[in-house]
Amino acid sequence: MVCKSLLGFGKQLLRIKVVDCNAEESRLSRCLNTFDLIALGVGSTLGAGVYVLAGAVARENAGPAIVLCFLIAALASVLAGLCYAEFGARVPKTGSAYLYSYVTVGELWAFITGWNLILAYVIGTSSVARAWSATFDELIGKHIEQFCRVHMPMKAPGILADYPDIFSVFIILVLTGLLAFGVKESAMVNKVFTCINVLVLLFVVVSGLVKGTIKNWQLTEEEMINGTNISTFNLTEEESQVWKYGAGGFMPFGFSGVLSGAATCFYAFVGFDCIATTGEEVKNPQRAIPIGIVASLLICFVAYFGVSAALTLMMPYYMLDKNSPLPVAFKYVGWEGATYAVAVGSLCALSTSLLGSMFPLPRIIFAMARDGLLFSFLGKVSSRKTPIVSTMAAGVLSAIMAFLFDLKDLVDLMSIGTLLAYTLVAACVLVLRYQPDQPSLAYQMANTTDESELNESVSNSDSQLGFLPEEDEKCTLKTLLFPKNHNPSRLSGFAVNICASALVDQASDSSSLQPDAPLSENSQNVECPAPARLTAERLPEQVRLGNMMSSASNQYLQQGVLIFTFCLITVLGRAATWSIVCLVLLAFSIAGITAIIWRQPENKTKLSFKVPLLPFLPVFSMFVNVYLMVQLGKGTWIRFAIWMVLGFGIYFGYGIRHSTEAVLAQSGTEVTRNGYKQTQVFNGDTMAPEKEAFLDDEESDARNPWNAEEGDP
């Protein structure tokens, strides 16, 4: 009895959302085009970091080779971007990584992803608002800071900021009002600021090429020592002997410095994922979202590459200022007037970055509230078709954070949320690309009354889809490496699951191969139309697909455990003998698993965009993201644990009982004879596993009473 209860509880945690992307109706306004998405991605990614990060990394990590740092970081970011692009083409709905996780690896992982994305966007919005306030205050002589320090000091060091930042609160509230007013108006403001920012950066690049010299990429160690003013860096004579500027040349710190700088530069490309939250506000999401993600990353790379090259050409890398490299560089070449252009560009960059952080936040909250995982009133939509309540809640929460906290110690939490989302999206791409299409027998069953004809239609459908092979497949090394079936089959997916499970010492759920295995709540089976429901009991046992999706989800999450262990040993073990041995064994294990997955047939579903070189690109993307996660400090992980405890309190206290899937299960719409789970039907058509039952508003509210709100359009 206890085991049965635990099994049922586990099924609740792993239940998968069924979505319908064929339904054109949306409660949000479809008013954005491809250019709007590119501007949103560029604006949120190409923030103030381009005015600061290049100088710090060039001076301390890579020298002129910072251009290679941005190249490597861009390639790593593109891997995550490609995974987002495929899901944008597959599931063009509001929710980003939260929704992508929900339709593949289950409800609990989806909540964890969404909950951490909320934290990341809140901290991002608050910190950028404080940076905007500080930059503006610097231009007017720091009058705001002086007034607040004198009249409103907060004497709680280590907990609160030195003084409340009233101006940052004002900025957030204005932006909240703009976002609540309408998406189209917000997109127009974002495009204006983004264009100004790009023009300023173009001016910087051209200036660097005009005033720069290639000699700054060919400095010798003697030239650096002779040209270094110790007082400039506030160093003593003894410290100057210890602190090295590198060996000179293009790579003064060697290739290790380039890799170290690339890890830092990776965060400069964070922000493109906000495009994935606009799925229900784009006119042609299947096409616009992939183009927007890839194009914005390409534009940002060109900008970062050009600015870093201009900086290191204008002045020696070791003389760059860590906090404001561009104004110092222009003063160095005698163009002091250009600092005003840099100031304008910096404010525009901060404005677009602030909008990029604030824009996806209410949409994540809205998506989770619509699914019942957060409180239902947060899913209310205004007459202008904007998520009004979630926008206001996001603005108030961000304003409070900006008002009270300095946020320097919390910024790393942004990295955990973002990197976790990147990792899960890459894993979800693998899950769906190696899953067989579910055989849709609704039409045949509705028009078939004879049992023999029904069995024949089932057999033909299975054979055509490669779901059930014509002859028995045996699990041998030959069938693993050279599968006969050109489409995904139960054996190919199950073999990969067994392999991954064995490597992480976890028992595999072999019930998916047993014909009499009971179906879990995650099973995606055929909908029985009224004329055929009486024949459901006579369906062949082969139609019972079992827990196919959760089994596949398990295999890739287990591979994620291997990757996490590998990265953890890499960071903690350093060069110890035991760590090297473990790393070699883990590397061979991961390579073997990846090779077996590579040999399995892929799903042939046609999409407007697909990740190339599967499974290597998603696996490498997971590796990069997890490696960056394990490098974060202990304090960051403690804060992450506290945030997760709060989130689990909300989920297990409210979300698990009020989720859309739970309501449907309790109302009996997901349970049919003999344990069959119905797929949802819209206008007589069965829906694919990755498609959402997000129909028109009346049907949606009827199906999910928790999301029904009076006054919804």
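According to my numbering, the sequence shown is numbered sequentially starting from 1224. Here a beta-carbon is modelled for each residue, glycine too, at the ideal position from N, C-alpha and C. Here the structure is a predicted model, which is why all the values come from computation and not from measurement.
Just checking my contact of Leu1340 with Ala1644 at CB under 8 Å: how many whole Å lie between their CB atoms? In this structure Leu1340 touches Ala1644 by the C-beta definition: roughly 6 Å separates them, less than 8 Å.
Please name the residue in Val1505, Ser1576, Phe1871 and Ser1580 whose C-alpha comes closest to that of Phe1258. Minimum Cα distance to Phe1258 is reached at Val1505.
Restricting to Cα atoms, I'd like to know which of Ile1879, Pro1387 and Ala1564 is closest to Gln1369. Looking only at Ile1879, Pro1387 and Ala1564, the smallest Cα-Cα distance to Gln1369 is reached by Pro1387.
Does any C-beta atom of chain B lie closer than 9 Å to the C-beta of Gly1329? No chain B is part of this structure, which consists of one protein chain only.
For a test of the three-state rule: what should DSSP assign to Val1612, helix, strand or coil? Note: Val1612 maps to helix in three-state DSSP.
Three-state secondary structure (DSSP) of Leu1255: Strand.
Mind listing, in chain order, the continuous beta strand (DSSP E) runs of no fewer than 3 residues lying wholly within the stretch 1541–1592? List check, beta strand (DSSP E) in window: nothing returned.
List the DSSP bridge partners of Val1345. Answer is none; Val1345 lacks a bridge partner.
Quick check on Val1225: buried or exposed, where buried means 16 or more other Cβ atoms within 10 Å of its Cβ? Exposed, by the Cβ-count rule.
Return the chain-ordered list of same chain residues with a C-beta closer than 6 Å to the C-beta of Gly1907, the five sequence neighbours on each side being excluded. Below a pLDDT of 50, predicted positions are generally treated as unreliable, and Gly1907, at 43, falls in that range; the measurement from the model is reported next regardless. So no residue of the chain qualifies.
Exposure of Ile1363, with buried meaning 16 or more beta-carbon neighbours within 10 Å: Under the 10 Å beta carbon count, Ile1363 is surrounded by fewer than 16 other beta carbons and is classified as exposed.
Entirely within the stretch 1376–1433 and at least 4 residues each: give me those alpha helix (DSSP H) ranges in chain order. Qualifying alpha helix (DSSP H) stretches, in chain order: 1389–1404.
Determine whether the beta carbon atoms of Ser1882 and Leu1596 lie at a separation below 9 Å. Result yes, Cβ atoms of Ser1882 and Leu1596 sit closer than 9 Å.
When we look at the beta-carbon of Tyr1938 and count the other beta-carbons within 10 Å, is it buried (16 or more) or exposed? Residue 1938 lies beyond the residue range present for the chain, which begins at 1224 and ends at 1936; the question has no answer from this structure.
Determine the extent of the alpha helix (DSSP H) in which Cys1805 is found, giving its start and end residues. Counting along the chain, Cys1805 sits inside the alpha helix (DSSP H) bounded by residues Thr1800 to Arg1822.
Sufficient close CB pairs (3 or more, under 8 Å) joining the stretch 1539–1551 to the stretch 1278–1298: When Cβ pairs closer than 8 Å are counted between the two stretches, the stretch 1539–1551 is seen to touch the stretch 1278–1298, the count reaching three or more.
Would you report the Cα separation of Met1538 and Pro1475, rounded to the nearest angstrom? Going by the C-alpha atoms only, they are around 15 Å apart.
Are the stretch 1602–1620 and the stretch 1280–1289 in contact at 8 Å, needing three or more beta carbon pairs? The answer is no - the stretch 1280–1289 does not touch the stretch 1602–1620, with fewer than three Cβ pairs under 8 Å.
Are the CB atoms of Asn1420 and Gly1579 nearer to each other than 9 Å? Between Asn1420 and Gly1579, the CB-CB gap reaches or exceeds 9 Å.
Between the stretch 1564–1584 and the stretch 1419–1439, do three or more beta carbon pairs fall short of 8 Å? Three or more pairs of CB atoms, one per stretch, sit closer than 8 Å, so the stretch 1564–1584 contacts the stretch 1419–1439.
Cut-off 8 Å between Cβ atoms - residues of its own chain near Ser1409, not counting five sequence neighbours on either side: Once the five neighbours on either side are set aside, the close Cβ partners of Ser1409 are Leu1401, Leu1402, Leu1578 and Phe1582.
Per DSSP, what kind of secondary structure is Val1505 in: helix, strand or coil? In the structure shown, Val1505 sits in a strand (DSSP, three-state: E or B).
Would you mind stating whether Leu1806 and Thr1793 have Cβ atoms separated by less than 9 Å? For the 9 Å CB-CB criterion, Leu1806 and Thr1793 form a contact.
Between the alpha carbons of Leu1791 and Tyr1850, how many angstroms are there, rounded? Rounded to the nearest angstrom, the two C-alpha atoms are 7 Å apart.
Figure out for me which residue from Leu1642, Thr1443 and Leu1536 has the closest Cα to the Cα of Val1429. Out of Leu1642, Thr1443 and Leu1536, Leu1536 has the C-alpha closest to the C-alpha of Val1429.
His1374 versus Lys1365: straight-line alpha-carbon distance, rounded: One Cα belongs to His1374, the other to Lys1365, and the distance between them is close to 15 Å.
At least three beta-carbon pairs within less than 8 Å, the stretch 1284–1304 to the stretch 1478–1494: Yes, the stretch 1284–1304 touches the stretch 1478–1494.
Quick one: grab the DSSP three-state call for Lys1234. Look at Lys1234 here: in three-state DSSP terms it is helix.
Can you tell me which of the three DSSP states Ile1363 falls into? Coil, per DSSP.
For the alpha helix (DSSP H) containing Trp1860, list its first residue and its last residue. According to the DSSP assignment, Trp1860 belongs to the alpha helix (DSSP H) that extends over Lys1857 to Ile1873.
Compare the beta carbon distance of Thr1500 and Leu1269 with 9 Å and say whether it is the shorter of the two. Pairing Thr1500 with Leu1269 gives a Cβ-Cβ distance that is not under 9 Å.
By the three-class DSSP mapping on this structure, what secondary structure does Gln1441 have? Of the three classes helix, strand and coil, the one that applies to Gln1441 here is coil, per DSSP.
Express the C-alpha separation of Gly1494 and Ile1514 in angstroms, rounding to a whole number. Taking the straight line joining both Cα atoms gives about 15 Å.
Check whether the Cβ atoms of Ile1346 and Met1624 sit closer than 9 Å, and answer yes or no. In this structure, Ile1346 lies near Met1624, with their beta-carbon atoms less than 9 Å apart.
State the Cα-Cα distance for the pair Phe1789 and Ala1810, rounded to the nearest angstrom. Approximately 8 Å, taken between the alpha carbons.
For Tyr1657, count neighbouring Cβ atoms within 10 angstroms of its own Cβ and tell me buried if that reaches 16, exposed if not. Buried is the call here.
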